[in-house]
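With positions in the sequence shown counted from 1, the corresponding number in my numbering is that position plus 30.
Where is the CB? At the ideal position from N, CA and C, for every residue including glycine.
Quantities reported herein were computed from a predicted structural model and do not represent experimental measurements.
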Amino acid sequence: MSLHQLAVESASDHRPLIITLFSVFVAATLGITVWAGRQTKDATDFYAGGRSFSGFQNGLAISGDYMSAASFLGIAGAIALTGYDGFLYSIGFLVAWLVALLLVAEPLRNTGRYTMGDVLAYRMRQRPVRTAAGVSTIVVSIFYLLAQMAGAGVLVSLLLGITNEAGKILIVVLVGVVMILYVSIGGMKGTTWVQMVKAVMLIAGALLMTFLVLLKFDFNVSQLLGEAAKNSKIGHAFLEPGLKYGATGTTKLDFISLGLALVLGTAGLPHILIRFYTVPTAKAARKSVNWAIGIIGVFYLMTIALGFGAAALLNGDDIRKSNPAGNTAAPLLAEELGGPVLLAVISAVAFATILAVVAGLTLASSSSFAHDLYANVIRKGEATQEEEVRAARWATVGIGIVAIVLGVFARDLNVAGLVALAFAVAASANLPTILYSLFWKRFTTQGALWSIYGGLASSVFLVLFSPVVSGNPKSSMFKGVDFHWFPLENPGLISIPLGFLLGWVGSLLSKEKPDNAKYAELEVRSLTGYGAH
């Protein structure tokens with residue numbers, strides 16, 4: 031009997047415990063959300079939590095937002111199946127925070143109000159750049175939502191012993207419905223509290239599993255890595271670069287593309303950017319990123335033990351049978367280390383992780399729709415705060431439905447790989463415009479539009495014709511068809527430089543004269559916080 035079948039049987043024996051844990055968590059977090067919803071009086075409360083969170087609280091919430099299903103399920107699976115090359119996700123996700131800290135966090139907090147569109151509209155024509163920022167935010171968020179939906183489907187199916195496709199689809203739908211409730215009721219306050227609770231739970235769960243893995247190997251990391259290499263049936267090559275990204279010239283390029291996307295993507299992720307607006311000052315924004323780097327750094331160190339522990343203690347074929355992309359490696363490792371009780375606890379934590387991140391993403395995209403597209407483009411700044419918040423709640427429902435439909439198709443893809451695609455789109459469309467807007471005097475509205483739409487279109491277009499969508503019988507979104515011609519799994523290598531190039535060329539070719547006075551005002555404000563909301 032395979033490990034997956036054993037896990038399913040073991041889970042079925044303890045299903046009451048598992049269902050109880052899940053129910054308690056969902057009920058508790060919905061309770062927090064309802065409580066926070068009652069504190070939400072106006073648009074500032076809904077979008078930015080009333081700017082009432084401290085640096086530490088926001089750092090904890092950022093960690094909760096960032097350590098997604100990709101971090102917990104996807105990276106553990108990637109390391110378990112591809113060794114060293116899987117660990118590259120951990121490195122990339124962590125290093126990316128330095129870009130966010132050094133270039134984006136403080137200036138963004140000083141210049142914006144609720145969304146990325148606020149920063150761009152400060153010195154450019156309002157309607158076109160807000161439209162572009164809103165479209166980009168929604169597309170990036172939907173890519174990221176796909177990963178979380180895929181993780182939820184895999185996780186709950188394993189726990190409840192659901193093997194038929196209809197059951198897995200139903201799970202994705204249920205996760206989507208809970209997510210819509212979180213955001214529409216609680217806004218930013220509810221979402222932030224849920225993320226803080228989830229961050230503490232995830233760190234505690236990962237710490238417990240790391241301790242149990244190291245205990246198995248007498249706290250000898252060398253012994254752990256040696257056993258992982260031996261059990262992988264590949265030998266020492268499992269611990270060296272090249273197992274996934276090194277066999278051919280194409281995979282080496284894919285590695286560079288992935289690295290670029292991971293390192294530059296964080297500073298352009300909408301659900302991370304809006305977190306900088308929830309603190310009262312720029313100093314608190316900087317402090318929250320410092321806290322986030324510390325918490326996230328500790329977590330990613332633990333992914334070494336989780337991934338290589340899964341490789342050492344589990345059979346790789348069993349992991350693949352359970353889920354071709356390895357997304358169930360962490361729950362199966364929990365089962366191996368502590369039986370059904372630990373499996374239930376860790377899976378409840380992973381489910382909490384998915385719900386919290388999904389809520390943050392949905393909030394980012396619905397905020398951008400309501401504030402940038404509805405209030406400032408459709409209503410031309412005439413909308414009241416009540417109308418804006420109502421529009422955000424309806425947008426939450428619409429975006430939730432889109433995420434559910436797409437999530438159904440993404441069930442068998444590695445969640446870390448899916449998140450890397452979202453990072454590539456964010457780095458191609460959002461990051462160039464944010465950096466140019468903050469630091470380049472000659473940047474114009476045309477440059478912003480070329481950069482956002484060009485980066486967005488090129489990255490999405492290349493993903494559409496990549497092996498992620500078709501052509502790979504084991505891991506493509508659409509199996510049995512092949513219309514791919516772009517060889518790389520991640521488009522970052524092409525689309526990120528293109529986004530920067532288009533912003534530069536578009537500005538140089540623009541007939542619009544840059545407003546130097548506005549830029550000087552923005553520069554002072556971004557550096558000092560003078561006049562910030």
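Segment limits, alpha helix (DSSP H) that includes residue i
i	result
Thr-463	461-469
Ala-58	45-69
Thr-240	195-246
Asp-348	346-352
Trp-515	Taken as a continuous stretch (DSSP letters only), Trp-515 belongs to no alpha helix (DSSP H), as it is neither H nor E.
Pro-527	522-539
Residue j beta carbon less than 7 Å from that of residue i
i	j	result
Phe-306	Arg-139	yes
Tyr-114	Leu-336	no
Gly-533	Ser-481	yes
Thr-63	Tyr-174	no
Ala-389	Thr-145	no
Leu-288	Asn-520	yes
Val-149	Val-438	no
Ala-135	Ala-315	yes
Gln-156	Val-387	no
Leu-479	Ala-151	no
Ala-405	Ala-180	no
Met-97	Phe-329	yes
Leu-511	Ser-525	According to the sequence as given, residue 511 is Val; it is not Leu. No.
Gly-164	Asp-402	yes
Ala-360	Phe-399	no
Thr-383	Lys-228	yes
Thr-281	Pro-517	no
Gly-107	Asn-261	no
Ala-297	Ala-57	no
Asn-502	Val-309	no
Ile-349	Ala-110	yes
Leu-486	Ser-53	no
Gly-430	Ile-210	yes
Residue i, DSSP secondary structure in three states
i	result
His-266	helix
His-301	helix
Thr-167	helix
Pro-361	helix
Ser-252	helix
Glu-551	helix
Ser-496	coil
Tyr-174	helix
Lys-260	helix
Leu-294	helix
Arg-472	coil
Ser-377	helix
Ala-162	helix
Glu-542	coil
Lys-282	helix
Gly-369	helix
Ile-192	coil
Tyr-483	helix
Ala-382	helix
Ser-506	coil
Gly-501	coil
Gly-183	helix
Gly-356	coil
Leu-273	coil
Met-31	Reliability fails at Met-31, whose pLDDT of 49 lies under 50, so the model's placement of it is uncertain and the value that follows must be treated cautiously. Residue state, collapsed to three classes: coil.
Thr-558	helix
Interface flag, residue i vs chain B, CB-CB below 7 Å
i	result
Asp-348	Going by chain labels, chain B is absent from the structure shown, which holds only one protein chain.
Extract the residue ranges of the alpha helix (DSSP H) inside the region 72-154, only unbroken runs of 4 or more that lie entirely within it. 73-78, 85-96, 105-112, 114-129, 135-141, 146-151
Whole runs of the alpha helix (DSSP H) within the region 385-463, excluding any shorter than 4 residues: 415-439, 445-459
Run through the region 298-342 for me and flag every whole alpha helix (DSSP H) of 4 or more residues, listed as ranges in chain order. 300-303
Would you say the region 253-262 touches the region 337-345, given that touching needs at least three Cβ pairs under 8 Å? yes
Any contact between the region 376-396 and the region 297-305? By contact I mean 3 or more CB pairs, one from each, below 8 Å. yes
Is there contact here, the region 449-462 with the region 523-531, by at least three beta-carbon pairs under 8 Å? yes
Are the region 87-105 and the region 319-334 in contact at 8 Å, needing three or more beta carbon pairs? yes
Does the pairing of the region 122-131 with the region 310-328 give three or more beta-carbon distances under 8 Å? yes
Is the number of C-beta pairs between the region 233-244 and the region 361-372 that are closer than 8 Å three or more? yes
Inter-stretch contact at 8 Å, needing at least 3 Cβ pairs: the region 82-97 / the region 229-239: yes
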